[in-house]
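Participant: Before we start, here is the structure in question, set down as structure tokens.
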Amino acid sequence: MASTPSPHTAVTAHLNSLLSSSSSVNHNKPSNLSFLHASSNPSSIKLLHSVSPSSFSPSISSSTTAICNVLKTVESADISLSRDLHGVVSTSKPTILVSEKLGEAGLDLLRSFGNVDCSYDLSPQDLCAKISLCDALIVRSGTKVTREVFEAAQGRLKVVGRAGVGIDNVDLQAATEFGCLVVNAPTANTIAAAEHGIALLTSMARNVAQSDASMKAGKWLRSKYVGVSLVGKTLAIMGFGKVGSEVARRAKGLGMHVIAHDPYAPADRARAIGVDLVSFEQAISTADFISLHMPLTPATNKVFNDDTFAKMKKGVRLINVARGGVIDEDALVRALDSGIVAQAALDVFTVEPPPKDSKLVQHENVTVTPHLGASTKEAQEGVAIEIAEAVVGALNGELSATAVNAPMVPPEVLSELAPYVVLAEKLGRLAVQLVTGGSGIQSVKVVYKSARDPDSLDTRLLRAMVTKGIIEPISDTIINLVNADFSAKQKGLRISEERIIVDSSPEYPVESIQVQISNVQSRFASALSENGNISIEGKVKYGVPHLTRVGPFSVDVSLEGNLILCKQVDQPGMIGKVGNILGESNVNVSFMSVGRTVKGKQAIMAIGVDEEPDKDTQKKIGEVSAVEEFVFLKL
Ligand SMILES: NC(=O)c1ccc[n+]([C@@H]2O[C@H](COP(=O)([O-])OP(=O)(O)OC[C@H]3O[C@@H](n4cnc5c(N)ncnc54)[C@H](O)[C@@H]3O)[C@@H](O)[C@H]2O)c1
Ligand SMILES: O=C(O)[C@H](O)COP(=O)(O)O
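Numbering (full-length UniProt numbering), first residue to last: 1 to 635.
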């Protein structure tokens with residue numbers, strides 16, 4: 001059993017805290033911190049510990065050390081630990097609330113990882129009451145995950161998994177503000193939805209539902225239910241994404257002429273299946289059938305309304321397996337009554353279930369199904385597995401390929417950037433401690449020197465880590481990849497980035513990272529560069545982050561433990577004097593580096609120390625005659 005975590009473990013543990021720590025932006029509420037253990041294999045990361053910061057009192061670091069010691073003892077035992085709200089450490093697993101029916105295979109996977117609570121049909125109040133006991137929530141389209149849910153979670157909820165595509169029932173803004181990751185299952189129900197679209201298209205064209213109902217009512221109405229043929233007719237696909245393009249493929253097989261409108265779809269993908277991409281106006285004015293496959297967003301909300309129906313070909317037929325909200329349903333009733341729209345086939349509604357007396361649902365030219373697009377056995381099993389894997393991965397601190405509100409960083413980029421992620425956080429943490437009073441920071445610049453083309457360097461993770469390092473020491477907000485940019489904006493912190501190409505080995509993604517804070521006073525004036533900004537720079541050496549520059553001074557000290565920066569007149573004996581004072585106080589020096597601008601003038605000592613020197617010791621250092629200023633910094 002290792003008594004000291006390997007550099008790799010430390011690196012991945014840092015990554016995990018970035019990816020998995022949950023936060024509450026409502027500062028009155030406690031946030032949960034997740035301590036995660038990373039094994040030497042980054043793909044097998046285990047959530048070991050979850051604890052409320054209130055239970056850390058009085059000293060976060062001493063509690064952390066104690067907890068880490070416990071963790072070390074179980075490191076090889078693959079046991080999950082958690083601490084309850086009273087701070088009692090116990091073996092427990094994360095709790096996953098599943099609020100709508102999910103396929104068994106997905107549930108099995110979830111059960112092998114955590115405690116699964118399948119509570120279907122919860123009222124909004126019951127959901128809010130339960131959620132503070134849950135680490136993850138899995139929903140379909142029937143559960144509204146509102147801001148109130150995130151507030152009620154009190155920082156514990158780390159991930160919301162949407163077992164399907166549409167995330168319009170999740171308040172993404174609130175999720176992001178609360179640092180909660182949202183993942184979806186975007187692929188497993190595509191074919192089911194496309195097949196349902198085709199089922200609605202063909203059954204509407206041949207009045208299958210209406211004639212079935214009339215026969216069951218004892219009638220035989222052959223002339224009433226004469227249909228229309230599909231072959232040679234123009235079908236407009238609105239939203240040429242996964243479902244839209246599969247509907248297009250199938251409609252071509254039925255001999256239809258298919259056009260599509262999608263402002264973001266690549267023309268070559270459309271061409272590849274023989275579909276012309278056209279403007280919105282052209283699509284709706286020339287089509288005999290219009291099939292909707294765009295997401296519900298502020299831009300698509302009620303995009304089919306009185307104005308747009310008026311532009312359609314008289315007698316057009318409409319299919320909607322996307323979202324009810326893209327249609328103004330009252331306007332559709334009017335268009336059906338006037339004959340502009342001959343028929344509609346709808347799987348989705350603005351309010352689900354729609355009111356029993358809905359004129360639209362009751363309309364004789366309308367065929368309806370109760371949101372069944374994704375409801376095939378195959379799709380539901382697929383979606384359940386897809387979302388269970390995404391949620392387990394997220395709880396394990398892995399970056400999700402289906403994250404909806406966080407950058408998706410490919411695993412290879414992630415593993416390459418891992419040591420720089422640690423460096424970025426430590427530089428942010430050091431830089432903010434150099435500011436007098438710590439707060440009032442408005443403008444931070446992060447400069448990356450790299451031999452690589454700036455376009456090939458994905459710095460989102462590094463920027464988030466610098467943000468984490470700066471914000472966490474001066475607030476009670478826990479920062480992760482989800483909420484880093486939002487939290488910075490909330491605090492009026494502008495983080496800009498610059499990438500400088502340097503002539504070094506492109507083998508490493510980053511040569512150095514520099515953090516500059518402008519328009520602030522510094523507790524350590526020597527950290528100010530010529531332009532008056534606090535400026536510190538670091539590099540990764542042999543996988544370990546190092547501080548390499550403070551203001552104009554070059555230093556080289558490994559960023560572990562704590563740090564004393566000391567500015568003195570460049571003269572012999574200084575290392576001994578300060579070293580002796582620390583030694584007398586039992587403060588162990590781990591690293592030491594001296595940097596100067598000109599021989600015999602000023603120099604900076606960067607001293608790595610394991611313990612924090614007490615006030616008396618710090619006073620003695622300040623009293624050494626050649627020492628002009630010094631500062632103690634926690635890493
Ligand atoms: N009825 C069901 O059970 C069911 C099942 C699956 C998906 N859906 C819904 O179908 C829709 C499409 O799903 P998908 O998996 O194909 O998603 P997708 O993201 O692959 O495709 C959506 C497409 O819509 C396009 N789009 C965005 N804004 C647009 C606009 N203003 N006009 C035209 N196109 C626009 C996008 O560029 C994208 O290509 C979603 O709303 C989803 O929720 C419903
Ligand atoms: O967006 C989706 O994936 C579909 O609308 C499916 O929704 P459901 O999971 O509620 O069936």
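No residue lacks a Cβ here, since even glycine has one placed at the ideal position from N, Cα and C.
If you run the structure through DSSP and keep just helix, strand and coil, what is Lys567?
Facilitator: strand
Participant: Just the Cα atoms here: how many angstroms apart are Arg499 and Gln516?
Facilitator: 14 Å
Participant: Would you report the Cα separation of Lys577 and Leu563, rounded to the nearest angstrom?
Facilitator: Cα-Cα distance, rounded: 17 Å.
Participant: Ignoring anything shorter than 4 residues, give me the alpha helix (DSSP H) runs that lie fully in the stretch 98 to 186, in order along the chain.
Facilitator: 104 to 111, 124 to 131, 147 to 152 and 172 to 177
Participant: If you draw a straight line from the C-alpha of Lys491 to the C-alpha of Ile474, how long is it?
Facilitator: A straight line joining the alpha-carbon of Lys491 with that of Ile474 spans about 11 Å.
Participant: Work out the CA separation of Ala260 and Ile198 for me, nearest whole Å.
Facilitator: 16 Å
Participant: Within its chain, find whatever has a CB closer than 6 Å to the CB of Leu110; leave out the 5 residues flanking it on each side and keep chain order.
Facilitator: Ile96, Val116 and Ala388
Participant: Would you mind working out which of Gln125, Ile131, Ile495 and Ser123 sits nearest Pro94, comparing C-alpha positions?
Facilitator: Residue nearest to Pro94 within the set Gln125, Ile131, Ile495 and Ser123 is Ile131 (criterion: CA-CA distance).
Participant: So for Asp328, helix, strand or coil by DSSP?
Facilitator: coil
Participant: Looking at Phe553: is its Cβ nearer than 8 Å to the Cβ of Ser535?
Facilitator: no
Participant: Taking only heavy atoms of ligand 1 into account, decide whether any of them is closer than 7 Å to the Cβ of Phe630.
Facilitator: no
Participant: DSSP has Met605 in a bridge; who is on the other side?
Facilitator: Under DSSP, Met605 forms a beta bridge with Cys566 and Val594.
Participant: Can you name the start and end residues of the alpha helix (DSSP H) that Ile319 belongs to?
Facilitator: First-last for Ile319: Val316 to Asn320, but that is the beta strand (DSSP E), not the alpha helix (DSSP H).
Participant: Between the Cα of Ser496 and the Cα atoms of Gly142, Thr367, Arg460 and Leu547, which residue gives the shortest distance?
Facilitator: Arg460
Participant: Hey, Ile284 and Lys311: beta-carbon distance below 8 Å or not?
Facilitator: yes
Participant: Does Pro545 come out as helix, strand or coil in the three-state DSSP assignment?
Facilitator: strand
Participant: Considering just the uninterrupted stretch of the alpha helix (DSSP H) at Tyr264, what are its terminal residues?
Facilitator: Run containing Tyr264: none; DSSP gives neither H nor E here.
Participant: Going by DSSP, what residue range makes up the beta strand (DSSP E) through Arg222?
Facilitator: Segment: none, Arg222 is in no beta strand (DSSP E) and carries neither H nor E.
Participant: Thinking C-beta only, is Thr617 closer than 8 Å to Ile581?
Facilitator: In this structure, Thr617 lies closer than 8 Å to Ile581 by Cβ.
Participant: Please return the same chain residues whose Cβ sits closer than 7 Å to the Cβ of Leu427, not counting the five positions on each side in sequence.
Facilitator: Val466, Gly469, Ile513, Val515, Ile536 and Gly538
Participant: Work out the CA separation of Val391 and Tyr508 for me, nearest whole Å.
Facilitator: 32 Å
Participant: Does the beta-carbon of Glu246 have 16 or more other beta-carbons within 10 angstroms, so that it is buried, or is it exposed?
Facilitator: So Glu246 counts as buried.
Participant: Within 10 angstroms of the Cβ of Asn588, are there 16 or more other Cβ atoms? Answer buried if so, exposed if not.
Facilitator: exposed
Participant: By how many angstroms is the C-alpha of Gly373 removed from the C-alpha of Glu195?
Facilitator: Going from the Cα of Glu195 to the Cα of Gly373 covers about 8 Å.
Participant: Closer than 7 Å: is that where the CB of Gly382 sits relative to any heavy atom of ligand 2?
Facilitator: no
Participant: Of the choices His371, Arg317, Phe280 and Val609, whose alpha-carbon is the least far from that of Val303?
Facilitator: The candidate whose alpha carbon is nearest that of Val303 is Phe280.
Participant: Take Thr436 as the anchor and find which of Leu430, Arg523, Met256 and Leu395 has the nearest alpha-carbon.
Facilitator: Arg523
Participant: Cβ atoms of Val404 and Ile621: under 8 Å apart, would you say?
Facilitator: no
Participant: Please determine whether the Cβ atom of Val247 lies at a distance below 7 Å from any heavy atom of ligand 2.
Facilitator: No, the beta carbon of Val247 sits no closer than 7 Å to any heavy atom of ligand 2.
Participant: Can you round the beta-carbon distance between Ala406 and Leu493 to whole angstroms, since I take them to be within the 8 Å contact cut?
Facilitator: Not confirmed; about 19 Å, so no contact.
Participant: Applying the 10 Å Cβ sphere with the 16-neighbour rule, what's the burial state of Ile143?
Facilitator: It should be pointed out that residue 143 corresponds to Thr in this sequence rather than to Ile. That one is buried.
Participant: Got a sec: does ligand 1 put a non-hydrogen atom nearer than 7 Å to the Cβ of Asp347?
Facilitator: Within the cutoff, so yes.
Participant: At a cut-off of 7 Å, is Phe304 close to ligand 1 when judged by its beta-carbon and the heavy atoms of the ligand?
Facilitator: no
Participant: Taking a contact to mean a Cβ-Cβ separation below 8 Å, would you say Ser450 touches Val413 in this structure?
Facilitator: No, they are not a contact pair.
Participant: Under the rule that 16 or more other beta-carbon atoms within 10 Å means buried, what is Arg222, buried or exposed?
Facilitator: exposed
Participant: Kindly indicate the opening and closing residues of the beta strand (DSSP E) around Met238.
Facilitator: Thr234 to Met238
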